[in-house]
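First comes the structure, then the notes that go with it.
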Amino acid sequence: MSYQTPRTTPRKSATFDDYTLSEIRRAASTGIYDIRGGGTKRRVPHFDDLLFLGASMSRYPLEGYREKCETSVTLGTRFAKKPIELKIPITIAGMSFGSLSAGAKEALGRGATIAGTSTTTGDGGMTEEERGHSQMLVYQYLPSRYGMNPRDLKRADAIEVVVGQGAKPGGGGMLLGQKISNRVAEMRTLPKGIDQRSACRHPDWTGPDDLEIKILELREITDWEKPIYIKVGGARPYYDTALAVKAGADVVVLDGMQGGTAATQEVFIEHVGQPTLACIRPAVQALQDLGMHRKVQLVISGGIRNGADVAKALALGADAVSIGTAALVAIGDNDPRWEEEYRALGSTAGAYDDWHEGADPAGISTQDTELMKRVDPVAAGRRLANYLKVMTLEAQTIARACGKSHVHNLEPEDLCALTIEASAMAQVPLAGTGWVPGKTVF
Amino acid sequence: MPTIDLETASLRDLNQALHSLGRDEGGELWEILNPRGSHAVAVGVDAPLEISVHGSVGYYCGGMNQQASITVHGSAGPGVAENMMSGSVVIKGNASQYAGATSRGGLLVIEGNASSRCGISMKGADIVVKGDIGHMSAFMAQSGNLVVLGDAGDALGDSLYEARLFVRGSVKSLGADCIEKEMRPEHIELLGNLLSKAGVTDVKPEEFTRYGSARKLYNFDVDNADAY
Numbered sequence: 488m489s490y491q492t493p494r495t496t497p498r499k500s501a502t503f504d505d506y507t508l509s510e511i512r513r514a515a516s517t518g519i520y521d522i523r524g525g526g527t528k529r530r531v532p533h534f535d536d537l538l539f540l541g542a543s544m545s546r547y548p549l550e551g552y553r554e555k556c557e558t559s560v561t562l563g564t565r566f567a568k569k570p571i572e573l574k575i576p577i578t579i580a581g582m583s584f585g586s587l588s589a590g591a592k593e594a595l596g597r598g599a600t601i602a603g604t605s606t607t608t609g610d611g612g613m614t615e616e617e618r619g620h621s622q623m624l625v626y627q628y629l630p631s632r633y634g635m636n637p638r639d640l641k642r643a644d645a646i647e648v649v650v651g652q653g654a655k656p657g658g659g660g661m662l663l664g665q666k667i668s669n670r671v672a673e674m675r676t677l678p679k680g681i682d683q684r685s686a687c688r689h690p691d692w693t694g695p696d697d698l699e700i701k702i703l704e705l706r707e708i709t710d711w712e713k714p715i716y717i718k719v720g721g722a723r724p725y726y727d728t729a730l731a732v733k734a735g736a737d738v739v740v741l742d743g744m745q746g747g748t749a750a751t752q753e754v755f756i757e758h759v760g761q762p763t764l765a766c767i768r769p770a771v772q773a774l775q776d777l778g779m780h781r782k783v784q785l786v787i788s789g790g791i792r793n794g795a796d797v798a799k800a801l802a803l804g805a806d807a808v809s810i811g812t813a814a815l816v817a818i819g820d821n822d823p824r825w826e827e828e829y830r831a832l833g834s835t836a837g838a839y840d841d842w843h844e845g846a847d848p849a850g851i852s853t854q855d856t857e858l859m860k861r862v863d864p865v866a867a868g869r870r871l872a873n874y875l876k877v878m879t880l881e882a883q884t885i886a887r888a889c890g891k892s893h894v895h896n897l898e899p900e901d902l903c904a905l906t907i908e909a910s911a912m913a914q915v916p917l918a919g920t921g922w923v924p925g926k927t928v929f
Numbered sequence: 006m007p008t009i010d011l012e013t014a015s016l017r018d019l020n021q022a023l024h025s026l027g028r029d030e031g032g033e034l035w036e037i038l039n040p041r042g043s044h045a046v047a048v049g050v051d052a053p054l055e056i057s058v059h060g061s062v063g064y065y066c067g068g069m070n071q072q073a074s075i076t077v078h079g080s081a082g083p084g085v086a087e088n089m090m091s092g093s094v095v096i097k098g099n100a101s102q103y104a105g106a107t108s109r110g111g112l113l114v115i116e117g118n119a120s121s122r123c124g125i126s127m128k129g130a131d132i133v134v135k136g137d138i139g140h141m142s143a144f145m146a147q148s149g150n151l152v153v154l155g156d157a158g159d160a161l162g163d164s165l166y167e168a169r170l171f172v173r174g175s176v177k178s179l180g181a182d183c184i185e186k187e188m189r190p191e192h193i194e195l196l197g198n199l200l201s202k203a204g205v206t207d208v209k210p211e212e213f214t215r216y217g218s219a220r221k222l223y224n225f226d227v228d229n230a231d232a233y
């Protein structure tokens, strides 16, 4: 019997892992960067790394089902004659008709309206479906100005000037030919079937001084009625927020890197921008330094999934949050009932992100007339409303446990952090210590 | 003949007065005095009025105009007639950057020169510049006609979609995917009508060169990557 040399177990590289190898092979074979939808998929410090302390000897809680815990929020109190009154501190983020089907947009409008909140247009103009079914509709004013017209501007309830978004701060929109149907092409004044790449900068202003004048123009056109939001991606939250206030915003919308996109380069989504958790405190600090906290409202988005996330964002100083990806899941995105079809597309339920290809089995990120029939706007709207209500109840549960009669009364003092990273970003003490890295001595 | 003097009246008073008119109320000549570089003069108007502005204006004069015929007896700052839907805006002097940005309809006439990015992202309007235009003009222009009696600067029509560009003088350089195209009879006719609408009588359409999209960047091809 011959002696066999023991062999080591085959070992894969942590640096060149399976995903990386597959991406190198994909790039080599196609010659184009990977494009996908959604936000960052890597793990980043997030709200899960924070915990509420709850009431105890020095704080008394409110009765869960008897004592009131308010959730209403008013956006646009600084300059607008007609601020937006929301029943819940959760809004629906901007998503375009074009990236989403008309039925999906209608479902978002229906769900938001039942729940008493607003929805938002996107980089493709306002559709009758979403205006008709959204009691409160925020009209995005984007670099491309696709579908932009004064009639829609005047029938919107607020205007959101989009400077950037969390998935791709510094990037423009992208809608590939498969989704440029006749209706989408007509709304965007584009030839059918082209690969549309929107501008990343606005065509008629550059920088905060110009933006101040642009906002003056928008206010004059709408007779100072509409709240004007400025949406920025999570890039330089302190200065972006301060400059948005300086430019005349009523509301700052700040979107961290977990915030989704309909389509952009994978490298952009994963490597540009900061996590949502890292953006909130610098933005709140900017508002406080300018004496504008609660006067200019702050809406946080990017990775909000449940009432705990809502409560944590508010405790760190936000006035409201906004959801996009979670709202799509509520209306049916990535539903396991379509698993066979996801597999046929080389994906699986929960991982499907080729939204740009227009072949979404759930019928949401598509312009295919057959697939889009899979979204029943009434039923899907009801599911979104249910989900929004659950999130609100969860946030109230936490707020009451912390003794707060309004979710806005939550504060950083109610929180601790599970990791040093989260502690430094959220500027709340590491659990079990009084230590805030960068602020106090350990 | 209503007259609003911006030395005494506020910008808000001016625009509110113009917005208070019904969509069918028109025919009147409104005189605006002492604009002195004010921004957002006569924006969001939607009535068939004649508006005469006596002096130079700042940013976004005539922004999102519908129906009104606005004449500025002076020069205009950035973004004049941005996103105009219909009607006309005539600038007797020069215009700054982004003149007619994203404009969708109507006619913008600049009797002097226009700066960079004239007609950027235009979506259906007609723009006639009697002088020269600056660099990056008609960038990503989607639809409509840009007519230049003088010269064009660098990178004309970069990433152009379906807008038509007519230049009588020289073009310093063409942007990505913009090429010279043949002037066919229908273009001569179109241009003749545009010149006539803009009050140009001493110039023939045959003197112009047409530029448009080569349509090579409409769908991604890795071998075109160095064009971006």
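Line order of the protein sequences matches chains F and Z.
Numbering-wise, the first sequence is residues 488 to 929 according to my numbering.
Numbering-wise, the second sequence is residues 6 to 233 according to my numbering.
Where is the CB? At the ideal position from N, CA and C, for every residue including glycine.
Would you kindly report the start and end of the unbroken alpha helix (DSSP H) that includes residue i?
i: residue 910 of chain F; result: 907 to 913
i: residue 188 of chain Z; result: Note, residue 188 of chain Z: premise wrong, no alpha helix (DSSP H); not H, not E.
i: residue 884 of chain F; result: 864 to 888
i: residue 731 of chain F; result: 724 to 733
i: residue 707 of chain F; result: 694 to 708
i: residue 506 of chain F; result: 505 to 517
Applying a beta-carbon distance threshold of less than 8 Å, which residues of chain F neighbour residue i?
i: residue 182 of chain Z; result: Going along chain F, no residue has its Cβ under 8 Å from residue 182 of chain Z, so there is no contact; the nearest lies around 12 Å.
i: residue 24 of chain Z; result: 710
i: residue 148 of chain Z; result: 676
List the residues of chain Z that residue i touches, going by C-beta distances under 7 Å, in chain order.
i: residue 681 of chain F; result: 223 and 224
i: residue 664 of chain F; result: 224
i: residue 518 of chain F; result: 227
i: residue 632 of chain F; result: 88, 107 and 126
Just how far apart, CA to CA, sit residue i and residue j?
i: residue 557 of chain F; j: residue 879 of chain F; result: 10 Å
i: residue 746 of chain F; j: residue 6 of chain Z; result: 54 Å
i: residue 88 of chain Z; j: residue 824 of chain F; result: 45 Å
i: residue 145 of chain Z; j: residue 664 of chain F; result: 17 Å
i: residue 162 of chain Z; j: residue 868 of chain F; result: 44 Å
i: residue 739 of chain F; j: residue 212 of chain Z; result: 51 Å
i: residue 572 of chain F; j: residue 506 of chain F; result: 46 Å
i: residue 645 of chain F; j: residue 612 of chain F; result: 14 Å
i: residue 905 of chain F; j: residue 918 of chain F; result: 6 Å
i: residue 578 of chain F; j: residue 229 of chain Z; result: 41 Å
i: residue 741 of chain F; j: residue 705 of chain F; result: 21 Å
i: residue 669 of chain F; j: residue 858 of chain F; result: 16 Å
i: residue 586 of chain F; j: residue 750 of chain F; result: 8 Å
i: residue 42 of chain Z; j: residue 554 of chain F; result: 57 Å
i: residue 73 of chain Z; j: residue 102 of chain Z; result: 22 Å
i: residue 605 of chain F; j: residue 123 of chain Z; result: 36 Å
Tell me, please, which residues DSSP counts as bridged to residue i.
i: residue 71 of chain Z; result: Z:51
i: residue 628 of chain F; result: F:648
i: residue 718 of chain F; result: F:649 and F:740
i: residue 522 of chain F; result: F:752
i: residue 787 of chain F; result: F:741 and F:808
i: residue 208 of chain Z; result: The partner list for residue 208 of chain Z (beta bridge, DSSP) is empty, contrary to what the question assumes.
i: residue 218 of chain Z; result: Z:183
i: residue 59 of chain Z; result: Z:38
Chain F partners of residue i, CB-CB under 9 Å?
i: residue 16 of chain Z; result: 703 and 707
i: residue 125 of chain Z; result: 686, 690 and 691
What does residue i touch in chain F if you count any residue whose Cβ is under 7 Å from its own?
i: residue 186 of chain Z; result: Going along chain F, no residue has its Cβ under 7 Å from residue 186 of chain Z, so there is no contact; the nearest lies around 16 Å.
i: residue 83 of chain Z; result: 691
i: residue 3 of chain Z; result: This structure cannot speak to residue 3 of chain Z, because chain Z is shown only from 6 to 233.
i: residue 167 of chain Z; result: 678
i: residue 103 of chain Z; result: 690 and 691
i: residue 21 of chain Z; result: 710
i: residue 145 of chain Z; result: 686
So with CB distances below 8 Å, who are the chain B contacts of residue i?
i: residue 53 of chain Z; result: No chain B appears in this structure, whose protein chains are F and Z.
How far does the beta strand (DSSP E) with residue i in it reach, from first residue to last?
i: residue 10 of chain Z; result: 8 to 10
i: residue 902 of chain F; result: 902 to 904
i: residue 34 of chain Z; result: 34 to 38
Run down chain Z in chain order and give the residues with a C-beta less than 8 Å from the C-beta of residue i.
i: residue 700 of chain F; result: 44, 45, 63, 64 and 65
Just to make sure I have the definition right: I need the residues of chain Z whose C-beta is within less than 9 Å of the C-beta of residue i. Which are they?
i: residue 635 of chain F; result: 69, 88, 107, 109 and 128
Quick one: does the C-beta of residue i sit closer than 7 Å to a heavy atom of the ligand ADP?
i: residue 712 of chain F; result: Questions concerning the ligand ADP fall outside what the structure shown contains, since it holds no ligand whatsoever.
Worksheet entry | Any beta strand (DSSP E) of 3 or more consecutive residues that is wholly inside the stretch 551 to 620 of chain F | Restricting attention to beta strand (DSSP E) runs no shorter than 3 residues, the stretch 551 to 620 of chain F encloses them at 560 to 562, 571 to 573, 577 to 579 and 605 to 607, ordered along the chain.
Worksheet entry | Any beta strand (DSSP E) of 3 or more consecutive residues that is wholly inside the stretch 89 to 176 of chain Z | For the stretch 89 to 176 of chain Z, whole beta strand (DSSP E) runs of length 3 or above, ordered along the chain, are 93 to 96, 112 to 115, 128 to 134, 148 to 153 and 169 to 172.
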